[in-house]
């Protein structure tokens with residue numbers, strides 16, 4: 001299995017295009033701590049039994065897509081199949097017109113990703129989003145303007 005692209009611009013489209021950094025799925029993908037929970041998710045599987053499991057990013061990403069769009073399992077797979085942004089979100093390296101998996105797997109994803117795990121992921125996402133918002137706010141206020149205002153003498157009229 002190939003590793004998922006780190007950045008949206010590394011996602012390969014068949015028509016030589018690039019994904020937009022401003023897309024909601026690209027932004028959300030940067031907030032989800034995929035790697036942090038991969039090992040915990042992998043503990044649900046036995047190396048000796050059955051086909052290898054799909055990565056955590058595919059499972060969680062698919063469930064997020066389903067919930068965010070309010071669609072059925074089958075429609076989730078169809079949306080992913082048709083949309084390069086959704087394919088990037090679940091960790092695919094390039095666009096494919098093939099379904100990434102059978103829609104029946106979504107039931108298994110729901111069994112393996114419990115509410116406790118989802119809550120911990122949400123907490124991490126909120127903290128990361130707040131941190132990034134704080135950093136952006138700091139960048140927008142020029143330091144020279146703040147210091148200049150602080151050092152201005154008060155004038156009497």
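Numbering (UniProt numbering), first residue to last: 1 to 157.
By construction, the Cβ of each residue, glycine as well, lies at the ideal position given by its N, Cα and C atoms.
None of the values given here were measured: they were computed from a predicted structure.
Exposure label - residue i; buried when at least 16 CB within 10 Å
i, result
"residue 57", "buried"
"residue 19", "buried"
"residue 62", "buried"
"residue 66", "buried"
"residue 59", "buried"
"residue 91", "buried"
Alpha-carbon to alpha-carbon, residue j and residue i
i, j, result
"residue 158", "residue 123", "Nothing can be reported for residue 158: it is not among the residues displayed for the chain, which extend from 1 to 157."
"residue 39", "residue 11", "24 Å"
"residue 114", "residue 121", "11 Å"
"residue 74", "residue 133", "35 Å"
"residue 128", "residue 36", "13 Å"
"residue 97", "residue 55", "20 Å"
"residue 95", "residue 14", "7 Å"
"residue 8", "residue 21", "7 Å"
"residue 102", "residue 16", "28 Å"
Cut-off 7 Å between Cβ atoms - residues of its own chain near residue i, not counting five sequence neighbours on either side
i, result
"residue 85", "19, 23, 25, 26"
"residue 125", "31, 32"
Anticipated Cβ contact below 8 Å, residue i with residue j, distance rounded
i, j, result
"residue 29", "residue 109", "Wrong, their Cβ atoms sit about 17 Å apart, outside the cutoff."
Own chain, CB closer than 6 Å to residue i, minus 5 neighbours either side, in chain order
i, result
"residue 45", "53"
"residue 138", "none"
"residue 167", "With the chain covering only 1 through 157, there is no way to say anything about residue 167."
DSSP bridge partner residues for residue i (one or two, in chain order)
i, result
"residue 12", "94"
Spatial neighbours of residue i in its chain, beta-carbon cut-off 8 Å, leaving aside the 5 residues before and after
i, result
"residue 104", "73"
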